[in-house]
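Numbering (this note's numbering), first residue to last: 5 to 129. All C-beta atoms in this analysis are idealised placements derived from N, C-alpha and C, irrespective of residue type, glycine included. Remarks on the structure that follows.
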């Protein structure tokens, strides 16, 4: 059994997350990076999208969550997204990075990234 990886990088999503009223009111861009570990050997053999993790559907899921209900913490958003991705039992592991490049920090900075991962326990472990 192989362990393969699908990566979605730099997905821009407008959301209303943050602890300050103006963040909730005005919103801002967030950037999502998703990496999922799966076995896509069946898809490679069949050449059928039904046999793999559809990265367009992953993007749709991320957009729905990040543009959805306002949260105070990006830690909450990134955790909700990771849990939702893991609902697909074909995914063995996910890493989700949520960038908040316009975070309200009064200093010069390049990016704020909040990262989480989830891993399905191996059968028989």
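Closest Cα partner of residue i within the set the options
i, options, result
"residue 122", "39, 104 and 50", "39"
"residue 100", "84, 107, 114 and 106", "84"
"residue 22", "105, 96 and 74", "74"
"residue 58", "124, 95 and 33", "95"
"residue 67", "50, 51, 86 and 49", "86"
"residue 80", "26, 112 and 120", "120"
"residue 30", "115, 113, 107 and 114", "107"
"residue 35", "113, 78 and 47", "78"
Buried versus exposed call for residue i [16 or more other C-beta atoms within 10 Å across all chains shown]
i, result
"residue 11", "exposed"
"residue 104", "buried"
"residue 56", "buried"
"residue 61", "exposed"
"residue 27", "buried"
"residue 69", "buried"
Limits of the unbroken alpha helix (DSSP H) element including residue i
i, result
"residue 80", "78-89"
"residue 68", "59-70"
"residue 74", "Where residue 74 is concerned, there is no enclosing alpha helix (DSSP H), given that its DSSP letter is neither H nor E."
"residue 50", "45-50"
Beta bridge counterpart(s) of residue i as assigned by DSSP
i, result
"residue 33", "18"
"residue 112", "Answer is none; residue 112 lacks a bridge partner."
"residue 39", "11 and 99"
Cβ distance (whole Å) where residue i is taken to contact residue j below 8 Å
i, j, result
"residue 71", "residue 18", "6 Å"
"residue 43", "residue 92", "Not confirmed; about 12 Å, so no contact."
"residue 37", "residue 14", "7 Å"
For residue i, the first and last residue of its enclosing beta strand (DSSP E)
i, result
"residue 100", "97-103"
"residue 120", "117-123"
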